[in-house]
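Enquirer: Quick one: structure below, then a few questions.
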Amino acid sequence: MKIEVVPIGPSELRILQYIVDLISKRFDSDAMIGTRTPIEKFKKNENRDQYSSARMMEALIDMKISKKGALLGVANADLYTHSLNFVFGQADRVNRVAVISISRLKPNFYGLQDNDDLVLKRVGKEAVHELGHVFGLDHCNQPKCVMFFSNSLQDTDMKEDEFCNKCKRALDYNLKTWRV
Ligand SMILES: [Zn+2]
Ligand SMILES: [Zn+2]
Numbered sequence: 035m036k037i038e039v040v041p042i043g044p045s046e047l048r049i050l051q052y053i054v055d056l057i058s059k060r061f062d063s064d065a066m067i068g069t070r071t072p073i074e075k076f077k078k079n080e081n082r083d084q085y086s087s088a089r090m091m092e093a094l095i096d097m098k099i100s101k102k103g104a105l106l107g108v109a110n111a112d113l114y115t116h117s118l119n120f121v122f123g124q125a126d127r128v129n130r131v132a133v134i135s136i137s138r139l140k141p142n143f144y145g146l147q148d149n150d151d152l153v154l155k156r157v158g159k160e161a162v163h164e165l166g167h168v169f170g171l172d173h174c175n176q177p178k179c180v181m182f183f184s185n186s187l188q189d190t191d192m193k194e195d196e197f198c199n200k201c202k203r204a205l206d207y208n209l210k211t212w213r214v
């Protein structure tokens, strides 16, 4: 199974490579970095200083040539949906695309000191979580499981970048039985 990681805006290669390595392991897949999409392709909501995650999902669906595999957009921009002030990420399991935002995973978004390792860990968890949805998983009630719903960064920092046994079994089943 192939997963393409699409940078949206000027994401760091180090972060993209970390995501590729982690999702290759977690989804037993052939992950790669795809062609960068300029952030200028999207219209910024100037009042909110944010971009619509729905618009990004639409663009990712257009970019996805093959029905197989999955596509993960990694946006270096703050995202919102019509119902939420912000989103860490969003997933569409029908079209098998997802997007995550790096902005709010960075301590300096909150006026705190940068911490590159912490950012990598958070980005990895968000990437695995959204792709977990793409491959049919719902939220999990185990706080350490990567499929636990993160309401805040505290939740994100509490959980691991791995699936609990129950989610892992469901994922293995989906990957085996779906024509991925
Ligand atoms: Zn979720
Ligand atoms: Zn779980």
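According to my numbering, the sequence shown is numbered sequentially starting from 35.
Where a beta carbon is used, it is the ideal one built from N, C-alpha and C, also for glycine.
Under the DSSP definition of a beta bridge, which residues are partnered with Asn79?
Expert: Gln84.
Enquirer: Short check: CB of Val162 to CB of Leu56, under 9 Å?
Expert: yes
Enquirer: Using 10 angstroms around the beta-carbon of Ala143, count the other beta-carbons present and answer buried if the total reaches 16, otherwise exposed.
Expert: The sequence given here places Phe at residue 143; Ala does not occur at that position. With fewer than 16 Cβ atoms within 10 Å of its Cβ, Phe143 is classed as exposed.
Enquirer: In terms of residue numbering, what span does the beta strand (DSSP E) encompassing Ala132 cover?
Expert: Residues Val131 to Ser135.
Enquirer: Could you check if Met117 is buried or exposed, using at least 16 other CB atoms within 10 Å of its CB as the buried criterion?
Expert: Residue 117 is actually Ser in this sequence, not Met. Exposed, since its Cβ has fewer than 16 Cβ neighbours within 10 Å.
Enquirer: So what does DSSP say about Gln176, is it helix, strand or coil?
Expert: coil
Enquirer: Which residues share a DSSP beta bridge with Tyr114?
Expert: Ser86
Enquirer: Could you name the residues of the same chain whose beta carbon sits closer than 6 Å to that of Phe76, not counting the 5 residues immediately before and after it, in chain order?
Expert: Tyr85 and Arg89
Enquirer: Report yes or no: do three or more beta-carbon pairs, one from the segment 178-190 and one from the segment 153-168, lie closer than 8 Å?
Expert: Contact between the segment 178-190 and the segment 153-168 is established, with three or more Cβ pairs separated by less than 8 Å.
Enquirer: Taking the Cβ atom as the reference point for each residue, do Lys193 and Lys159 lie within a distance shorter than 9 Å?
Expert: By the CB criterion at 9 Å, Lys193 and Lys159 fall inside the cutoff.
Enquirer: What span of residues does the alpha helix (DSSP H) with Ile57 cover, start to end?
Expert: Leu47 to Arg60
Enquirer: State the DSSP-derived secondary structure class of Gly158, mapped to helix, strand or coil.
Expert: helix
Enquirer: Please list, in chain order, all residues of the same chain as Val157 whose beta carbon is under 8 Å from its beta carbon, the five residues on each side excluded.
Expert: Ile49, Tyr52, Ile53, Val108, Ile134, Ile136 and Leu139
Enquirer: Tell me whether Phe183, by its Cβ, gets closer than 8 Å to a heavy atom of ligand 1.
Expert: yes
Enquirer: Sorted by chain position, which residues of the same chain lie with C-beta nearer than 8 Å to Met35's C-beta, five sequence neighbours on each side aside?
Expert: Phe61, Asp62, Ser63, Asp64, Lys102, Gly103, Ala104, Leu209 and Val214
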